[in-house]
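S.K.:
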Ligand SMILES: *Cc1c(COP(=O)(O)O)cnc(C)c1O
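Numbering (my numbering), first residue to last: 14 to 407.
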């Protein structure tokens, strides 16, 4: 069996929804992954900001293995020990009092949207149901989160969309103010637009947005599906600013590779939900939450996060040096280990060159290379990645 064999069989039986590279990954260790033909790659995408502790991390594999021997699943009709422990950690380390677990980012955002609408009803704002989201945002692929996603290219063949979403430009506070109406129940936003080009939120914009939300009792929902769990050098990206979100959503990095999502809220908001309002058969199951608990045990440590920031400096400074020598690089931006490298032309060719030279990177829109290595990446691997990128961009 080879890459070519698997690619051919996969094309026969899997829906054609991804533009996949022509190889199958079969194994990983640390920041290195291996394909079916035995080629190795330095993994600077981590399964799209998921495998934050790299591959085959002993604490995660051990947590999963021992939980598998105990109990894989039992439904939410009963209390689940690792689910409670994971929620305790998330609440202790954030603004939140309550957690709801689900299985993906889209599902976390769906839940946040439902909670925002229910909160408005509970508060007697019977006319409020609209949610303002940003142009170039990304919130998921289900119908509600697809509608929340402010990018027409994802909408066009799937209409009619969900009613009740309004779009505004990122970092444009005046436009945002003009979109707020008596119907607005929430504003949902990313701290860094991951899929939309690795665009950073402005401090002044997000802090004023927060103040407006508080003044009008509009919920501030932060989609931290990509930025959460240490990705930006803080456990949650909202913690870079002086803001008080009402709801945050998590997924990608939370389970270290095991599918899990969550939305978190303060009691003043979370208590709007009662038994029967929301649910998920698999949500927060023992296996997924045992893994998340192990991830938080490592990433939740301030020493670990300060190392992430040191690595970020090394990577960003290396890329900025490249940019000085190479006029094809338009910008280097991002925070922590979520970095965008914008070129003055489509990046598809450079991404392919990187793969040929043993480096996996991602994209964020046509002109941006997205780097999201495991948070445990070594300095040597960062230097090697910069070398391969330099070669690919020439
Ligand atoms: C990936 C992503 C999602 C969707 O998550 P899925 O697990 O693919 O459903 C939502 N929001 C943001 C910011 C994301 O990066």
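Heads up, the beta-carbon is just placed ideally off N, CA and C, and yes, glycines get one too.
For the segment 235 to 249 and the segment 68 to 86, state whether three or more C-beta atom pairs, one from each stretch, are separated by less than 8 Å.
M.R.: no
S.K.: In this structure, how does DSSP classify residue 268 when only helix, strand and coil are distinguished?
M.R.: helix
S.K.: Take the Cβ of residue 223 as the centre, count every other Cβ of all protein chains shown within 10 Å, and call the residue buried at 16 or more, exposed below.
M.R.: buried
S.K.: Cβ atoms of residue 407 and residue 205: under 9 Å apart, would you say?
M.R.: no
S.K.: Return the bridge partner residues of residue 335 from the DSSP annotation.
M.R.: DSSP lists no partner for residue 335.
S.K.: Cβ of residue 139 less than 9 Å from any chain C Cβ?
M.R.: Included in the structure is just one protein chain, with no chain C present.
S.K.: From the DSSP output, which residues share a beta bridge with residue 162?
M.R.: Answer is none; residue 162 lacks a bridge partner.
S.K.: Looking only at DSSP bridge pairs, what is residue 53 linked to?
M.R.: 47
S.K.: Express the C-alpha separation of residue 109 and residue 235 in angstroms, rounding to a whole number.
M.R.: Using only the alpha carbons, I get a separation of about 12 Å.
S.K.: What are the partner residues of residue 375, as DSSP defines its beta bridges?
M.R.: Its beta-bridge partners are 383.
S.K.: Any heavy atom of ligand 1 inside 8 Å of the beta-carbon of residue 414?
M.R.: Nothing in the structure corresponds to residue 414, since the chain is present only between 14 and 407.
S.K.: Kindly indicate which residue of 57, 208 and 129 has the alpha-carbon position closest to the one of residue 148.
M.R.: 208
S.K.: Ignore the nearest five residues each way along the sequence and tell me which others in residue 187's own chain have a CB closer than 8 Å to its CB.
M.R.: Contacts found: none.
S.K.: Taking the Cβ atom as the reference point for each residue, do residue 273 and residue 304 lie within a distance shorter than 9 Å?
M.R.: In contact: residue 273 and residue 304 (Cβ atoms closer than 9 Å).
S.K.: Excluding five sequence neighbours on each side, which residues of the same chain lie with their C-beta closer than 7 Å to the C-beta of residue 327?
M.R.: Correct list, in chain order: 392 and 395.
S.K.: Beta carbon of residue 300, beta carbon of residue 81: below 9 Å?
M.R.: yes
S.K.: Just the Cα atoms here: how many angstroms apart are residue 61 and residue 368?
M.R.: Distance between the alpha carbons of residue 61 and residue 368 is about 15 Å.
S.K.: Under the assumption that residue 377 contacts residue 263 (Cβ atoms under 8 Å), give the Cβ distance between them as a whole number of angstroms.
M.R.: Not confirmed; about 19 Å, so no contact.
S.K.: Taking DSSP as the reference, what is the three-state secondary structure of residue 87?
M.R.: Reduced to three states, the DSSP call for residue 87 is coil.
S.K.: Does the separation of the CB atoms of residue 97 and residue 307 fall below 9 Å?
M.R.: By the CB criterion at 9 Å, residue 97 and residue 307 fall outside the cutoff.
S.K.: List in chain order: all unbroken alpha helix (DSSP H) runs of 4+ residues lying wholly within the segment 176 to 251.
M.R.: 186 to 192 and 216 to 229
S.K.: For residue 439 versus residue 114, is the C-beta distance shorter than 9 Å?
M.R.: An answer regarding residue 439 cannot be provided, because it is not within the stretch 14 to 407 covered by the chain.
S.K.: Tell me whether the beta-carbon of residue 128 lies closer than 9 Å to the beta-carbon of residue 156.
M.R.: When the beta-carbon positions are compared, residue 128 and residue 156 stay at least 9 Å from each other.
S.K.: Within its chain, find whatever has a CB closer than 7 Å to the CB of residue 210; leave out the 5 residues flanking it on each side and keep chain order.
M.R.: 149, 353, 377, 378 and 381
S.K.: How long is the line joining the alpha carbons of residue 278 and residue 59, rounded to whole angstroms?
M.R.: 28 Å
S.K.: Would you tell me roughly how many angstroms separate the C-alpha atoms of residue 370 and residue 25, rounded to the nearest one?
M.R.: If you take the alpha carbons of residue 370 and residue 25, they lie about 28 Å apart.
S.K.: For ligand 3, any of its heavy atoms closer than 8 Å to the Cβ of residue 207?
M.R.: This structure does not include ligand 3; its bound ligands are ligand 1.
S.K.: Kindly list the residues whose CB is nearer than 6 Å to the CB of residue 172, restricted to its own chain and excluding five residues on each side of it in sequence; keep chain order.
M.R.: Excluding sequence neighbours, residue 172 sits near nothing in its chain.
S.K.: Tell me the residue span of the beta strand (DSSP E) that contains residue 145.
M.R.: Per DSSP, residue 145 belongs to the beta strand (DSSP E) from 143 to 147.
S.K.: For the candidate residues 167, 169, 162 and 166, whose alpha-carbon lies nearest to that of residue 179?
M.R.: When 167, 169, 162 and 166 are compared, the shortest CA-CA separation from residue 179 is found for 162.
S.K.: Check each candidate in 131, 14, 23 and 100 and name the one with the smallest Cα separation from residue 268.
M.R.: Of 131, 14, 23 and 100, the smallest CA-CA separation from residue 268 is found for 100.
S.K.: Mind checking whether the beta-carbon of residue 13 lies closer than 8 Å to any heavy atom of ligand 1?
M.R.: What is shown of the chain runs 14 to 407, which leaves residue 13 out entirely.
S.K.: For the alpha helix (DSSP H) containing residue 60, list its first residue and its last residue.
M.R.: 59 to 62
S.K.: What's the C-alpha gap between residue 386 and residue 143?
M.R.: 36 Å
S.K.: Spatial neighbours of residue 95 within its chain, please: CB distance less than 6 Å, with the 5 preceding and 5 following residues excluded, ordered by chain position.
M.R.: Close CB contacts of residue 95 within its chain, under the 6 Å cut and outside five residues either way in sequence, are with 299, 302, 303 and 306 (chain order).
S.K.: What residue range is occupied by the uninterrupted beta strand (DSSP E) comprising residue 360?
M.R.: Residue 360 -> no beta strand (DSSP E), and no H or E assigned at all.
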